[in-house]
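Novice: Can you keep this structure in mind? I'll have questions shortly.
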Amino acid sequence: MKKQRDLLTYSLLWRLLSIAILAEGIYLVLDLIFSLRYRNYQIQWLWNRYLLYFVLASCIILGTHYIQRLLNIRFPWDKSVRIRFLVQFFSYTLWVLLLSTVIRNGIFKRIIYSSSMFINLDDEIIINSVATCIVLSTVSLDLGVFLLNKWRYSLVQIERFKKENIEFHLEMLKTQVNPHFLFNNLNTLSSLIYTNQDTAAEFVRQLAKVYRYVLENRTKELVTLQEELTFLQSYIYLMDLRFGNNLRIHTQLPDSLHTYAIAPLTLQMLIENAIKHNIVSQKKPFEIRIFQEQSYLIIQNPLQLKPVKEFSSQIGLKNIRSRYRFITDRAVEIIDDGIHFTVKIPLLEGNYSFTEQPAIL
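Written out as structure tokens, the structure reads:
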């Protein structure tokens, strides 16, 4: 409560100070201009004139503050900087010129002065020009604050992405090089060596392709869907030999999608995550489907959750979402309806960069 009261007091004092400074600024600027324009013009302090400028400054600040709040709703800076700048500039200008005319030549002329302070057209033009300059400065300052905040926010986002990207690469490599992955594949290989040497040799080749793809693409931001699917075939080959008919991975994608872009190892990590948390057995065969739905790549599996949940850091899913949030404004969607677990990956097309990021290992 005390903090809110202090904040309100600070806000009120700051607003009063702003009004006083603006009134003083208008007073001094006009005195300077007219002293240069008229040889006999005397610079002097008059309370009635300062009161005029104080009232004018109060109305300017309060009115522009209200206009700014309305524009933040109707024409936010994020949507179009150009439109917002023009609308705000013209709105402020109309408001300030209206105030200047009404207060100076209306209210104060009747109450304080027997005649207008400025008696010719040239003086009126000067006053209105000063008012327009004040408006332009105010709108430019508002734009500068917006751009500064946007720049600071983008720096924070970039740093956050770098951190999450490092976590993703570490998780990606741990997924491939962790003891369980090596043990399972070496165990499968050892059984094949004595029963089917040709299959064992093919298993080694496919395993080498998996590691080669991981090492070659671990620092890339995007790869083509064709590259990802080619790698996925090697990974599926390893899983088929490990689980047999207990695991079925169906890929139903048209060739027209192969030129689209995708973050590397996205599909593999989602399949690995599904196998990790669900039962894969002869009694409960596990099926994973990969297909297209409009402009999304769908990875879907039934929920056959293990009775004892394995530890999960959730880094994989979290970082997949973060990476796509950084690349595109289309979000990765994760849907758990109690029957199926579905992940929707946006298919990226157009001039996306396939540049590499700095290596971290």
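Heads up: the sequence shown is residues -9 to 351, going by this note's numbering. Cβ coordinates follow ideal geometry from the N, Cα and C atoms, glycine included.
(1) Tell whether a beta-carbon distance below 7 angstroms holds between valine 213 and proline 254.
(2) In whole angstroms, give me the CA-to-CA distance for valine 322 and asparagine 309.
(3) Indicate whether isoleucine 278 and threonine 241 have their beta-carbon atoms separated by less than 7 angstroms.
(4) CA-CA distance, valine 270 and lysine 152?
(5) Under a Cβ-count criterion, where at least 16 other Cβ atoms within 10 Å of its own Cβ denotes burial, should tyrosine 314 be classed as buried or exposed?
(6) Which of helix, strand or coil does DSSP assign to serine 105?
(7) Checking 7 angstroms against the spacing of the C-beta atoms, do glycine 53 and tryptophan 85 come in under that value?
(8) Please classify serine 312: is it buried, with 16 or more other beta-carbons within 10 angstroms of its beta-carbon, or exposed?
(9) By the DSSP assignment, the alpha helix (DSSP H) with glutamate 249 in it spans what residues?
(10) Write down the C-beta distance between glutamine 294 and asparagine 268 rounded to the nearest angstrom, noting that I regard them as a contact closer than 8 angstroms.
(11) According to DSSP, glutamate 323 sits in a beta bridge with which residue or residues?
(12) Give me, in chain order, the residues of the same chain whose beta-carbon lies closer than 7 angstroms to that of leucine 197; leave out the 5 immediate sequence neighbours on both sides.
(13) Whole angstroms is fine: what's the gap from lysine 210's alpha carbon to leucine 338's?
(14) Less than 6 angstroms between C-beta atoms, sequence neighbours within five positions excluded: which residues of the same chain meet that for valine 71?
(15) Of the choices Ser144, Ser81, Phe276 and Ile63, whose alpha-carbon is the least far from that of asparagine 235?
(16) State buried or exposed for proline 66, treating a residue as buried only when at least 16 other CB atoms are found within 10 Å of its CB.
(17) Looking at the structure shown, is phenylalanine 281 part of a helix, part of a strand, or coil, going by DSSP?
(18) Please report how far the alpha carbon of tyrosine 103 lies from the alpha carbon of isoleucine 57, in whole angstroms.
(19) Confirm, please, whether the CB-CB distance from isoleucine 239 to isoleucine 252 is below 7 angstroms.
(20) Could you tell me the distance, in whole angstroms, from the CA atom of cysteine 123 to the CA atom of aspartate 68?
(21) Buried or exposed for leucine 287, please, with buried defined as at least 16 other CB atoms from any protein chain shown within 10 angstroms of its CB.
(22) What span of residues does the alpha helix (DSSP H) with isoleucine 261 cover, start to end?
(23) Can you check DSSP and say which residues form a bridge with histidine 240?
(24) Going by beta-carbon coordinates alone, are phenylalanine 193 and leucine 179 separated by less than 7 angstroms?
(25) Just checking my contact of isoleucine 325 with threonine 332 at CB under 8 angstroms: how many whole Å lie between their CB atoms?
Specialist: In brief:
(1) Here the question's residue 213 lines up with position 223 in the sequence shown. Here the question's residue 254 lines up with position 264 in the sequence shown. In this structure, proline 254 lies closer than 7 angstroms to valine 213 by Cβ.
(2) The sequence position of residue 322 within the sequence shown is 332, counting from 1. The sequence position of residue 309 within the sequence shown is 319, counting from 1. If you take the alpha carbons of valine 322 and asparagine 309, they lie about 11 angstroms apart.
(3) In the sequence shown, counting from the first residue as 1, residue 278 sits at position 288. In the sequence shown, counting from the first residue as 1, residue 241 sits at position 251. Against a cut-off of 7 angstroms, the Cβ pair of threonine 241 and isoleucine 278 comes out as no contact.
(4) Your numbering for residue 270 matches position 280 in the sequence shown. Your numbering for residue 152 matches position 162 in the sequence shown. Here the alpha carbon of valine 270 sits roughly 35 angstroms from the alpha carbon of lysine 152.
(5) Taking the first residue of the sequence shown as position 1, residue 314 is located at position 324. When all chains shown are included, tyrosine 314 counts as buried.
(6) Position 115 of the sequence shown, counting from 1, holds the residue named residue 105. Bear in mind that the predicted position of serine 105 carries a pLDDT of just 45, short of 50, making it unreliable; the figure below should be weighed with that in mind. Reduced to three states, the DSSP call for serine 105 is coil.
(7) Along the sequence shown, read from residue 1 onward, the residue named residue 53 stands at position 63. Along the sequence shown, read from residue 1 onward, the residue named residue 85 stands at position 95. In contact: glycine 53 and tryptophan 85 (Cβ atoms closer than 7 angstroms).
(8) Working through the sequence shown from its first residue, we reach residue 312 at position 322. The residue in question, serine 312, is buried, as its Cβ has 16 or more Cβ neighbours within 10 Å.
(9) Sequence index remark: in the sequence shown, residue 249 carries index 259 (1-based). The question names glutamate, yet the displayed sequence has threonine at residue 249. That residue, threonine 249, is in no alpha helix (DSSP H); it is neither H nor E in DSSP.
(10) Taking the sequence shown and counting its residues from 1, the one referred to as residue 294 is at position 304. Taking the sequence shown and counting its residues from 1, the one referred to as residue 268 is at position 278. Right, the Cβ-Cβ distance comes to about 4 angstroms (below 8 angstroms), so this counts as a contact.
(11) Your numbering for residue 323 matches position 333 in the sequence shown. The partner list for glutamate 323 (beta bridge, DSSP) reads Lys334.
(12) Numbered from its first residue, the sequence shown carries residue 197 at position 207. Cβ neighbours of leucine 197 beyond the five flanking positions: Asn175 and Leu228.
(13) Position 220 of the sequence shown, counted from the start, is the residue given in the question as residue 210. Position 348 of the sequence shown, counted from the start, is the residue given in the question as residue 338. Cα atoms of lysine 210 and leucine 338: separation of roughly 15 angstroms, rounded to the nearest angstrom.
(14) As a first step, residue 71 must be located in the sequence shown, where it is residue number 81. The answer is none, since no qualifying residue turns up.
(15) On the sequence shown, position 245 is the one that residue 235 refers to. Considering only alpha carbons, the answer is Phe276.
(16) What you label residue 66 is simply residue 76 of the sequence shown in a count that begins at 1. Flag for proline 66 reads exposed.
(17) By one-based count along the sequence shown, residue 281 stands at place 291. Correct three-state label for phenylalanine 281: strand.
(18) Your numbering for residue 103 matches position 113 in the sequence shown. Your numbering for residue 57 matches position 67 in the sequence shown. Note that tyrosine 103 scores a pLDDT of 48, beneath 50, so its modelled location is shaky; the value from the coordinates is reported in the next line. The alpha-carbon separation between tyrosine 103 and isoleucine 57 amounts to approximately 31 angstroms.
(19) The count along the sequence shown starts at 1 and reaches residue 252 at position 262. The count along the sequence shown starts at 1 and reaches residue 239 at position 249. No, the pair does not count as a contact, with Cβ atoms beyond the cut-off.
(20) For the purposes of this step, residue 123 is identified with residue 133 of the sequence shown, where counting begins at 1. For the purposes of this step, residue 68 is identified with residue 78 of the sequence shown, where counting begins at 1. Aspartate 68 has its alpha-carbon roughly 25 angstroms from the corresponding atom of cysteine 123.
(21) Indexing the sequence shown from 1 puts residue 287 at position 297. The residue in question, leucine 287, is buried, as its Cβ has 16 or more Cβ neighbours within 10 Å.
(22) The sequence position of residue 261 within the sequence shown is 271, counting from 1. Taken as a continuous stretch (DSSP letters only), the alpha helix (DSSP H) holding isoleucine 261 covers 256 to 267.
(23) By one-based count along the sequence shown, residue 240 stands at place 250. Under DSSP, histidine 240 forms a beta bridge with Arg279.
(24) On the sequence shown, residue 193 is found 203 positions in, with the first residue counted as 1. On the sequence shown, residue 179 is found 189 positions in, with the first residue counted as 1. Result yes, Cβ atoms of phenylalanine 193 and leucine 179 sit closer than 7 angstroms.
(25) Start at 1 with the first residue of the sequence shown, and residue 325 comes out as number 335. Start at 1 with the first residue of the sequence shown, and residue 332 comes out as number 342. The beta-carbon separation of isoleucine 325 and threonine 332, rounded to 4 angstroms, stays under the 8 angstroms limit for a contact.
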